[in-house]
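Down below is the structure, laid out as structure tokens.
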Amino acid sequence: MASSTRNATADDKGDLYSIDCPCREVLDLIGSKWSVLVIGRLEEGPYRFGELRRAVPGITQKMLTQTLRRLEDDGMVHREVLAEMRPPRVEYSLTELGQTITEPLEAIRTWTEQHLPDVRRARERQTA
């Protein structure tokens, strides 16, 4: 008798509206303001850690480390140790998978900047 449930494979698509779906973790990562900003900078090309930290004002060293690790774990960022120098240099860049999220995140960044005045007016109406 065949089982009514099947084992999930790596190729199975998720269902964001299912409470147990692991794709919610991915959404949490790519929806994070730090991920949006880090990915936006990495669209420009590879960055070393210190360069990236300066390019994303306000991010702490700890948060940048955590964000890069999560993006690397999920296959969106590549970490490369360049041993040609002492101490070795580490560069971060987007993977092919990471490149696929750049356009949607650019749309979110653009929408945010364009609609900031509308959001501010709405907030002012709420506090008035």
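Using my numbering, read the sequence shown as starting at 7 and increasing by one per residue. Ideal Cβ positions, reconstructed from N, Cα and C, are used throughout, including at glycine. None of these values were measured; they are calculated from a predicted model.
Check	Outcome
Rounded straight-line distance, which links the Cα of Pro123 to that of Val32	30 Å
Close beta carbons around Ile65, own chain, < 8 Å, minus the five adjacent residues each side	Trp40, Leu43, Val44, Arg59 and Thr73
Rounded separation between Ile25 and Leu35 - CA only	16 Å
Start-to-end residues for the beta strand (DSSP E) that takes in Val83	Val83 to Leu88
Per DSSP, the bridge partner or partners of Glu49	Paired residues: none, contrary to the question.
Beta-carbon proximity of Arg47 to Glu97, cut-off 9 Å	no
Of the listed residues Asp18, Lys19, Gly37 and Gly20, nearest to Thr118 (C-alpha basis)	Gly37
Per-residue burial, Arg76 [other beta carbons within 10 Å of its own, 16 or more giving buried]	buried
Simplified DSSP assignment, three categories, for Leu22	coil
Among Ala61, Arg95 and Glu102, the one whose alpha carbon lies nearest that of Val87	Arg95
Where the alpha helix (DSSP H) through Val32 begins and ends	Cys29 to Ile36
Gln120 in three-state terms, based on DSSP	helix
Same chain only: Cβ atoms within 6 Å of Leu103, ignoring 5 sequence neighbours per side	Gly81 and Met82
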